[in-house]
Structure formats: structure tokens, C-alpha cells
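Numbering (the working numbering), first residue to last: 1 to 255. C-beta: ideal position from N, C-alpha, C; glycine also. Predicted, not measured: the structure shown is a model, and the values here were computed from it.
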């Protein structure tokens, strides 16, 4: 568990002064991250210690990035992620260098950027008898969980166009259902949240307006919203992943 500190009087590290990029594991290379930091103007003690925290649900990791003096000189910190999943949120904290652990400053939660700004992160996990599952975690960006007991499953998802053509339409359906029926989000009230990318994708393949379900018991609203989701998924399948064509190719190859 990550340690909690008394945050009275601490300095807030602005979002533009701390950003995170995550690089997924590839081959023998483990998942890694890079935090770009600009802390020079906060007037922390040069001997104060910078820590990086990452967490998702009840899983977390923490790294010692060095003193303020070191971090200001480097401008960044790079390390490996061994326990925290790739979908973790990050936080930068600065504590007193005298060993008391007194919190001097902290950022808010930082959502990492992936090398390619993908809409959904991929995370291997023990899913029992399931091959894949969409997970919405604590309300942050969705994650495509894939069964880590199936050999090469992550590589298949990334590189097999036929597999993606069968899976991604259902992923889109699940995500849009979450956005419309559960979160009630739209483009107008989403500045930089994860919903915006998915809604932009939906409108790019189908157009129209994102439906609003303001009354959960309104059957007419629910039917219109569900119809819009199905139309978006159908257009996505035809325009983006060519699902039917790839499925026919797979059948022909197997015969």
C-alpha cells in the first residue's frame, strides 16, 4: 500500500509540469515509463526527495526519483513497472529529505500517454475461461483484458487483423454502452476525459449526435440510444475493420 501523508500546506505541482509516457512490454523488454518534470520554479529544497507513485485499484508501486537537485538537472525520470498495471494513474510527490517523510508538494493524478494514442490499453490477466474482457476499473479509461494463460494472446490481439475484426466491434459496443447509459457523457462536457476519443470515433464513422438518456425509465430514449450504438458499431465494422470480409477470408483459409 502507498503511504498517506498529511497534505497541510503542501505545494501543488501543476499538470503541465509533470507528464508520463508508458511504453508497453515488447519481447524481453518489460513495461517502462518516463516522467518529464519541470520543478525548478517551485522553490523546493535541493535535498528534498522526489517520488513517483503509480496505482490502479489496490495495486500500487513507488519509485525514488532522486533529490530535487538531481531531478531539476535531468528533467525526467525513467524506470520499469513490475507490479502496477499499464493502465495505472501516476502521481509525483516531493517529501522532506530529512527522513521524516513530510510532504512538501504533490501533483494530482496523471493519466499516462501511450506511445500511440490508443483508445484502449491492453493488459494480460488471468481471466479463467474467458479469452478477453473490457474492464472499466475505477471509472478511468477502459482496458482490454486478455487471458494471460493463452500463449501469445497479447501479440495476437496487436497483430492479428482477423482477430481484431471480430473483437473490436464488441469492444466498441461495450464502451459506448458505458458512456451513454452509465456515465451519461457527451462531447460538450468532456474536455480531456477518456470519453472524448471514443465519441469522436463514433461520430466520425456514423455522424449525427450522441444520444442522451436523461431518464433511465424512458423506454423511447433507451431505444433511440441503443439504435445509435448499433448503427455506429455497424459502420465501424464496415469502414474501419472490414469485419465481414476478414471473417470470410479466415473461413476460406481454413477450408
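| Query | Result |
| --- | --- |
| Element boundaries [beta strand (DSSP E), containing residue 70] | Careful: residue 70 lies outside any beta strand (DSSP E), inside the alpha helix (DSSP H) at 68-74. |
| Proximity of residue 122 and residue 86 at Cβ, strictly below 9 Å | yes |
| Integer-rounded CB distance, given that residue 103 should sit under 8 Å from residue 95 | 6 Å |
| C-beta contact flag for residue 165 and residue 237 at 9 Å | yes |
| Buried/exposed call for residue 195, threshold 16 Cβ in 10 Å | buried |
| Residue 230, enclosing alpha helix (DSSP H) - first and last residue | 219-236 |
| Beta-carbon proximity check, residue 64 vs residue 55, cutoff 9 Å | no |
| Coarse secondary structure for residue 200, derived from DSSP in three states | helix |
| With 16 other Cβ atoms within 10 Å as the buried cut-off, status of residue 204 | exposed |
| Burial state of residue 53 (16 or more Cβ within 10 Å) | buried |
| Same chain, Cβ closer than 7 Å to residue 84, five either side skipped, listed in chain order | 54, 55, 56, 59, 60 and 61 |
| Residues that residue 185 bridges to, as DSSP identifies them | Bridge partners of residue 185: none, in fact. |
| Residue(s) in a DSSP beta bridge with residue 124 | 146 |
| CA-to-CA distance, residue 127 to residue 13, given in whole angstroms | 38 Å |
| Limits of the unbroken beta strand (DSSP E) element including residue 105 | 103-107 |
| Beta-carbon proximity list for residue 88, same chain, < 7 Å, skipping 5 on both sides | 54, 55 and 56 |
| Residue 199 to residue 143 span [Cα, whole Å] | 16 Å |
| Cut-off 7 Å between Cβ atoms - residues of its own chain near residue 239, not counting five sequence neighbours on either side | 205 |
| Which listed residue (50, 201 and 155) has its alpha carbon closest to that of residue 179 | 201 |
| Reduced DSSP secondary structure (H/G/I, E/B, other) of residue 119 | coil |
| Burial state of residue 168 (16 or more Cβ within 10 Å) | buried |
| Residue from 193, 10, 124 and 39 with nearest C-alpha to residue 153 | 124 |
| Exposure label - residue 51; buried when at least 16 CB within 10 Å | buried |
| Same chain only: Cβ atoms within 7 Å of residue 2, ignoring 5 sequence neighbours per side | Its pLDDT being 47, under 50, residue 2 is placed unreliably in this model, and the value from its coordinates should be taken loosely. Result list for residue 2: 53, 55, 60 and 62, in chain order. |
| Residue-chain proximity (residue 56, chain C), Cβ-Cβ < 9 Å | Absence of chain C from the displayed structure is noted, only one protein chain being present. |
| For residue 90 and residue 15, the rounded distance between their alpha carbons | 11 Å |
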